[in-house]
Structures are given as structure tokens and as C-alpha cells.
Amino acid sequence: MTNIFITGTTGFLGGELLIELSKRKDINKIYCLIRAESEENAAKRLHHIFNFHNDQLNLDKIIPVLGDLTETELSLRLSADKRLADIHVIVHAAANTSFSPIYDNIVEKVNIQGLASILKWARTLQKLQTFLYVGTATICGKEITNRLIQEEESPDLKANHLVKYTHTKMMGELMIGEYLPSEKILIVRPSIIMGDSRQWVPRSYVIMWALASINFLRLVPVNSNAQLDVIPVDYASNAIIQLLFAKRKHGVYHISAGEQSATTLSKLTHAIESYFPDKPRFNFIEREMTREVKLWSRNKLHANNTLKNYTEYLSYWNREMKDAGDLRILLGGLDPYLSFIELGQVFDNTKLLQDTTIGLPEPAHEYIKRSVQFIENIDIFEAALEP
Ligand SMILES: NC(=O)c1ccc[n+]([C@@H]2O[C@H](COP(=O)([O-])OP(=O)(O)OC[C@H]3O[C@@H](n4cnc5c(N)ncnc54)[C@H](OP(=O)(O)O)[C@@H]3O)[C@@H](O)[C@H]2O)c1
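Here the sequence shown is numbered in this note's numbering, starting from -12 and rising by one per residue.
If you want it as C-alpha cells, here you go:
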């Protein structure tokens, strides 16, 4: 019987991982690192994870461990916790996933120092068999564009990154080998996790927020034909758990849509267009025109600028927004997402398909149709302020 220690369970992917792991009979205890002021508060957070989709929480099996990855004494505290002496598997899914430069310091602290604390403790565990690190396929950086990418191409210290987050995830991967032997390390690299393929409220709207914002804007400065590797959270979680218990031939796996199930923004928007008949049709313009849109929102656009040809959208924005400044807030929040979309990166999933029975994920332009009503419920302006 396996004992597991897992981080990040209050998040999007970690929540799904915890629920699926909790159902397995071959797992004895699951200890969850949770940020909370008290045991009572931590238990409340656990209840929230399980109540979300009416799953059963068994507190004999699922045990909260209070802790914050930014604590300087975290590894010592975990080492002193006698309950954790017999851990066989660590699943490190926690991270600060912000794309905004204003959070660069905390992103570094959580994703690098926090990981180091877990690793310092992990290497003292006598029974540790596997350290599963949830990385990200986007550690390949921004220079590899418009092609299929293999696991072996990363980490590459020469890679340039769009955001600090992916840089810290790359450095994190490199760090693990300094603490643990390779046979104990399993690195999984999901591509972009958006929504859920089941017909229910996803645990988090993080990436769906970008689609909701694009759905609001309708005229979007981005190349909509770039290939986009997107998977639903339930697929990501199932694939990771299958790999954890599989006879693995590799140490690193993409968890991705790959060439066969990749999508494009064009296909995604086409899939949802008919659900919003009152909005103008989707239209895409050059990324460089973001500047013109911002000038328009300040009432400073020159009369003969090409953006003036899009009167249908300008009047729609005027109708929909009390303050055109909201348009700048939205575009500011969307900016890194649009940059990722334009990279055209697709991640090869051959290894995952060979070593598991998971099969291909449903393409995002198919499963997204089951989530259309949730797109409408997202408060896009509120979320744009918390990137
Ligand atoms: N979502 C994607 O598209 C995607 C794609 C590829 C890889 N990934 C990777 O998948 C993992 C999960 O991502 P996600 O989207 O599920 O993220 P998320 O929803 O933002 O969840 C982040 C989790 O990390 C925890 N955390 C953050 N700071 C912490 C700290 N200082 N101490 C302890 N816990 C802390 C959060 O706890 P609180 O609830 O207390 O904040 C939460 O449980 C990450 O490693 C991410 O890099 C995600």
C-alpha cells in the first residue's frame, strides 16, 4: 500500500489529482500540504475540494499537513513530522502560475525555493520511490515556434522565456536531479490545461478566462491559425496518475494533445460562435494593432486609421463597456496569453500514448462545447486585474 504526499491540491490540477488518487484502493494515506491558519481551516479547504463535485472525503485517508512553500523552515518541519516518515511517493503539483511580472519575486520564491524545501526533505525519506514533479511543456521557451516539440528538447538553458513562470519551472526541473537519483524522478509536462471535458463547472477558470475574454472582444489582435496544444484537466489528471503507476520507459513525459488532437483559436471560436448569436462574428487582426485598439480606447485614434474600418466592433465595444479603459485592462491581462497562442507550439505525446492506455484527448474545439455556459459566467474584468 502506497503512502503519498501531495502539494497543490487546492488548485486546478492538484484538486483533480487528489480526488482521483483518493479513489484508489492501493493507496493507504494521502498527506496534503495545505496553506491554512489552523487544522480546522485546512480541513475546510479539503472539504471544499471534495464537495465541489460531490466526492466523498475520508479524513482517515486524506490528511492535511499545514504548510507554505515559502516557509524557510519547511523541510525541517516536514522531516520532524513522524506521520511522514513512510512516504513512498511525492507529487509536487503546487506552483505560483502567475504570468504577470508584478509577481516575479513570489513566483521565484514558490517555484524554486519552495521546490528546494520539498526536495531537501524528500532526499531524507528512506522509502521514497517516486518524486513526481508537475512541470510544464512551455519550458521550451519562445524561440521554438510552429512545430512539434519533443521532450528531449528541454530543459535548455539557452531558451528565452515569455514569462518568469516558465523559466522557474525549467530551473525547477534542473534542480531535482541535484537532490535525487534519476530512477526516483518522474517529470510530467502538461501543455495548456483549459476547462474540463465533463459537463460540469471546472475547478478553475484560469485559462478559460482568456477564451471568455476573446469571446467578449470578438475583434482580436492575434494569429488565430497557429496550432494550439490544449487539454482538459480530467485528461491531464488521469494521464498523470496512469503514468505514476505504469511501467515507465522514460523519466519525462508530455501530457499533451499532440499533432492529432491540437486545436487552433480559429477552431475554438468557431465551435462557440453559434451559442452567442447577439455578438458580432469573430474577427482577427494583426497583433501589432493592439496599439491602435488602445489608442481608440483613449479616443486618440487618427481618423483614417485602418481600425476605423471595423466600425461594427467599435460600436459594439462602445455599447458593451461603460468605460473604454476596461478594454486596456482586458488587453493587458490577455497579452501573455496571446503571445503563447501565437507560438504555434505542439508537444509530442508518443511516449505517453505508448506507456499508458489513456489514448488521445478530445480536441478542445469539441469538449469546449460542453462548457459554453461557464464561459458566460466568468467575470472577465475582475480576473484581468488578478493575472
Ligand atoms: N494550468 C495549466 O495550464 C498548467 C499547464 C502546465 C503545467 N501546469 C502545472 O500544473 C501545476 C498545477 O497548476 P494549476 O493550474 O493547477 O495551478 P493553480 O490552480 O494556480 O494551483 C496552484 C496550487 O499551488 C498552491 N500554492 C501556491 N503557492 C503556494 C505556497 N506558497 N505554498 C503552498 N502551496 C502553494 C496553491 O495553493 P493555494 O490554494 O493555497 O493558493 C494551489 O493549490 C503547476 O505546477 C503548474 O506549473 C499547469
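A virtual CB, placed ideally from N, CA and C, is assigned to each residue, including glycine. None of these values were measured; they are calculated from a predicted model.
Could you check what DSSP says for residue i in three-state terms: helix, strand or coil?
| i | result |
| --- | --- |
| L206 | strand |
| P323 | helix |
| T343 | coil |
| V150 | coil |
| F37 | helix |
| T155 | helix |
| V188 | coil |
| Y240 | strand |
| R176 | strand |
| Y18 | strand |
| R235 | coil |
| Q113 | coil |
| Y120 | strand |
| L215 | strand |
| L318 | helix |
| I365 | coil |
| I(-7) | strand |
| F334 | strand |
| I136 | strand |
Give me the Cα-Cα distance between residue i and residue j, rounded to the nearest whole angstrom.
| i | j | result |
| --- | --- | --- |
| S169 | I194 | 32 Å |
| L61 | L53 | 10 Å |
| N291 | L206 | 18 Å |
| L317 | Y300 | 15 Å |
| P267 | S284 | 18 Å |
| D91 | S85 | 8 Å |
| L65 | I99 | 17 Å |
| H34 | Y18 | 14 Å |
| A30 | Y166 | 31 Å |
| L405 | F271 | Past the boundaries of the shown model lies residue 405; the chain is included only from -12 to 374, so the question cannot be answered. |
| E398 | I126 | There is no way to answer for residue 398, as the model of the chain reaches only from -12 to 374. |
| T(-11) | K10 | 13 Å |
| G128 | T250 | 20 Å |
| F232 | I6 | 16 Å |
| T277 | L8 | 44 Å |
| V97 | F39 | 26 Å |
| L314 | K287 | 14 Å |
| E275 | I180 | 27 Å |
| I89 | Y152 | 12 Å |
| F263 | L106 | 48 Å |
| A67 | E58 | 15 Å |
| P177 | H289 | 44 Å |
| K236 | I367 | 43 Å |
| K114 | M162 | 21 Å |
| I21 | Y297 | 49 Å |
Less than 8 Å between the CB atoms is what I'm expecting for residue i and residue j, so what's the real figure, rounded?
| i | j | result |
| --- | --- | --- |
| F118 | A124 | In fact, because the Cβ distance is near 19 Å, the residues do not count as touching under 8 Å. |
| L255 | T343 | With 8 Å as the limit, L255 and T343 do not qualify as a contact, their Cβ atoms being about 26 Å apart. |
| A23 | L56 | Actually they do not touch by this definition, with Cβ atoms about 13 Å apart. |
| I74 | L112 | 5 Å |
| Q332 | D216 | 6 Å |
| A199 | I365 | 4 Å |
| E329 | V209 | 6 Å |
| Y303 | A197 | Between A197 and Y303 the Cβ distance is about 19 Å, and since that is not below 8 Å, they are no contact. |
| N(-7) | V78 | The residue asked about is misnamed: residue -7 is Ile in this sequence, not Asn. With a Cβ gap of about 4 Å, I(-7) and V78 count as contacting. |
| E160 | A146 | Contact flag wrong, Cβ pair sits at about 12 Å. |
| G238 | I136 | In fact, because the Cβ distance is near 17 Å, the residues do not count as touching under 8 Å. |
| S211 | L252 | 4 Å |
| Q116 | V76 | 6 Å |
| I355 | A213 | With a Cβ gap of about 17 Å, I355 and A213 do not count as contacting. |
| F361 | V188 | 6 Å |
| T155 | V94 | 6 Å |
| A371 | G320 | 3 Å |
| E307 | L294 | So it is not a contact: roughly 17 Å between Cβ atoms. |
| G(-2) | S191 | 7 Å |
| M157 | S141 | 7 Å |
* Asked: How about the region 339 to 357 and the region 171 to 186: do they share at least three Cβ pairs that are nearer than 8 Å?
  -> yes
* Asked: Residue ranges of each beta strand (DSSP E) run of no fewer than 3 residues wholly in the region 251 to 293, ordered along the chain?
  -> 270 to 272
* **the region 230 to 249 touching the region 334 to 342, judged by at least three CB pairs closer than 8 Å** => yes
* Does the pairing of the region 208 to 224 with the region -6 to 2 give three or more beta-carbon distances under 8 Å? -> yes
* Asked: What residue ranges within the region 32 to 77 form continuous beta strand (DSSP E) runs of no fewer than 3 residues, ordered along the chain?
  -> 49 to 53
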